[in-house]
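Report on the following structure.
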Ligand SMILES: [Zn+2]
Ligand SMILES: [Zn+2]
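Numbering (the numbering used here), first residue to last: 8 to 292.
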């Protein structure tokens, strides 16, 4: 499917190569300008705001429909995710749904059988779903293409990502632009990418998810619950990724708070925390 398009013809994704390189160079340039406020900007951005925008918004709400939320909230997290540098939400969701369908097999956009660095970031330098003829997006994200705001945001997300930079400048000058923009994005990307690389290689399997996914404790902590990835592949549209008491899942905690205040409804809670080693995806949207 998707893989077949790139199998015969390897094409470099030049814009990803340019932007990802630029952001990493910016992060290295930020190092001499360390101060406490800049460090806190990175920590809050990566460990609190990114889980809200990307894990809860892009991933569990938009891609997997693990709960329902009013449109204003969907648009808020999608826009905030774009500002955080998460990219185009519909492309993100389509690519992610393809990943679940072909996990660690032909067609997986970040097939971990091709090695850690391929799954982690090198796949981003190949042409991706957004470069294809659009048939994958229609097939995997037709529900999202029906939403006019998300379609608009999908085209214009870059402006939102860039809009964060003047905000950092106003708060803390050029050094905070380097830290809040480039350092934060670099750290955030690598944390997110570990979910595609490390948790498809290292850790324990609770469920037979028919792929290489693992529950990895340190990615579980770094990525606010997304590191319990074997659980997630076994139950893709479950709102909780952590299933055992020690599998702390900050993102699920946020969803429960939203449920208490009435923003999240029809939350797909885990129904059988001690389920037998049997994967089912009956909840998949
Ligand atoms: Zn995965
Ligand atoms: Zn997922």
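All C-beta atoms, glycine included, are put in the ideal place defined by N, C-alpha and C.
With distances taken Cα to Cα, identify the nearest neighbour of residue i among the options.
i	options	result
residue 53	248, 218, 226 and 29	226
residue 231	157, 80, 275 and 58	58
residue 182	51, 46 and 19	46
residue 99	80, 112, 78 and 62	62
residue 35	157, 188 and 267	188
residue 266	29, 25, 23 and 76	76
residue 253	116, 264, 235 and 153	235
residue 238	276, 179, 167 and 196	276
residue 202	221, 256 and 212	221
residue 179	30, 48, 24 and 31	48
residue 214	56, 195 and 249	249
residue 78	55, 154 and 29	154
residue 146	103, 121 and 177	103
residue 264	246, 278 and 251	246
residue 195	51, 166 and 256	51
Would you kindly check if the distance between the Cβ of residue j and the Cβ of residue i is under 8 Å?
i	j	result
residue 89	residue 69	no
residue 144	residue 97	yes
residue 258	residue 67	yes
residue 274	residue 74	yes
residue 114	residue 87	no
residue 151	residue 157	yes
residue 40	residue 185	yes
residue 123	residue 190	no
residue 27	residue 169	no
residue 101	residue 164	no
Between which two residues does the alpha helix (DSSP H) carrying residue i extend?
i	result
residue 266	257 to 267
residue 96	96 to 109
residue 206	Taken as a continuous stretch (DSSP letters only), residue 206 belongs to no alpha helix (DSSP H), as it is neither H nor E.
residue 175	155 to 183
residue 124	123 to 127
residue 142	142 to 147
residue 62	From DSSP, residue 62 is part of no alpha helix (DSSP H); its letter is neither H nor E.
residue 237	236 to 241
For residue i, which residues in the same chain have their Cβ closer than 8 Å to its Cβ, ignoring the five residues on either side in sequence?
i	result
residue 60	84, 87, 88, 90, 91 and 93
residue 272	74, 75, 76 and 266
residue 256	227, 231, 232, 235, 247, 248 and 249
residue 42	182
Return the chain-ordered list of same chain residues with a C-beta closer than 6 Å to the C-beta of residue i, the five sequence neighbours on each side being excluded.
i	result
residue 229	198
residue 107	243
residue 109	115
residue 10	With a pLDDT of 43 at residue 10, under the threshold of 50, the predicted position of this residue should be treated as unreliable, and no value is reported.
residue 171	90
residue 117	126, 130 and 203
residue 31	193
residue 278	none
residue 128	200
residue 148	97, 100 and 101
Look up residue i in the DSSP assignment and give the residues it is bridged to.
i	result
residue 48	According to DSSP, residue 48 bridges with nothing at all.
residue 211	222
residue 19	133
residue 272	75
residue 186	Answer by DSSP bridge pairing: none, since residue 186 is not bridged.
For residue i, which residues of its own chain have a beta-carbon under 7 Å away from its beta-carbon, when the five flanking residues on both sides are left out?
i	result
residue 205	223 and 226
residue 119	111, 126, 204, 207, 208 and 219
residue 211	221 and 222
residue 175	183, 184, 187 and 188
residue 269	none
residue 23	131 and 132
residue 25	none
residue 56	91
residue 166	none
residue 292	With a pLDDT of 30 at residue 292, under the threshold of 50, the modelled position of this residue cannot be trusted, and the question is left open.
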